[in-house]
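Written below as structure tokens is the structure these notes are about.
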Amino acid sequence: MNKRQKAVREYLLGGCTYLQLEKKYGISKATINRCVLKYQAQQQAKLKGVSLASDPMKPKPNQPPSVEQLQKLLEQEQLRNKLLNAMLDIAEDELQVPIRKKFGTKRSKK
Numbered sequence: 001m002n003k004r005q006k007a008v009r010e011y012l013l014g015g016c017t018y019l020q021l022e023k024k025y026g027i028s029k030a031t032i033n034r035c036v037l038k039y040q041a042q043q044q045a046k047l048k049g050v051s052l053a054s055d056p057m058k059p060k061p062n063q064p065p066s067v068e069q070l071q072k073l074l075e076q077e078q079l080r081n082k083l084l085n086a087m088l089d090i091a092e093d094e095l096q097v098p099i100r101k102k103f104g105t106k107r108s109k110k
């Protein structure tokens, strides 16, 4: 594990600021920040099951997406929609505040 990886790991585990890590490892705050952001983006991509290097769902240039790719994207978006709706339902129940917009209501006049 190199110095950058150690600094990122230490930052993410908490307890250290960029300034402290800069002094400890001799790496600039900006570099540590960039590495942390890159690591977080990689982790999010892994959770989504997508590689940042090459997205298998992304069509090649000048080539339309295949039916299978479109079906896969549709399934992913439908699942995402269900998850977002479930999150809104939970938030509305716990906070006792309506979050969703009621269609057909008129704007209030100022």
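Position 56 of the sequence shown, counting from 1, maps to 56 under our numbering, and the rest follow consecutively. Note that CB positions come from ideal geometry on N, CA and C, so glycine has one too.
Query raised in the report: Around the Cβ of V97, are there at least 16 other Cβ atoms within 10 angstroms (buried) or fewer (exposed)?
Result: The residue in question, V97, is exposed, as its Cβ has fewer than 16 Cβ neighbours within 10 Å.
Query raised in the report: What's the gap between the Cα of K38 and the Cα of E75?
Result: The alpha-carbon atoms of K38 and E75 are separated by roughly 27 Å.
**Report entry** Inside the segment 4–75 only - alpha helix (DSSP H) runs reaching at least 4 residues
**Finding:** Runs of alpha helix (DSSP H) with 4 or more residues, each lying fully within the segment 4–75, are found at 18–25 and 29–48, listed in chain order.
Requested in this report: Please report how far the alpha carbon of A86 lies from the alpha carbon of R80, in whole angstroms.
Outcome: Their Cα atoms are separated by approximately 10 Å.
Query - Coarse secondary structure for N85, derived from DSSP in three states - result: Three-state result, N85: helix.
Report task. Grab me the residues of Q78's own chain with a C-beta within less than 6 Å of its C-beta, minus the 5 sequence neighbours each way, in chain order. Result -> Cβ neighbours of Q78 beyond the five flanking positions: none.
Query raised in the report: In whole angstroms, what separates the C-alpha of K82 from that of L73?
Result: Straight-line spacing of the CA atoms in K82 and L73 works out to 14 Å.
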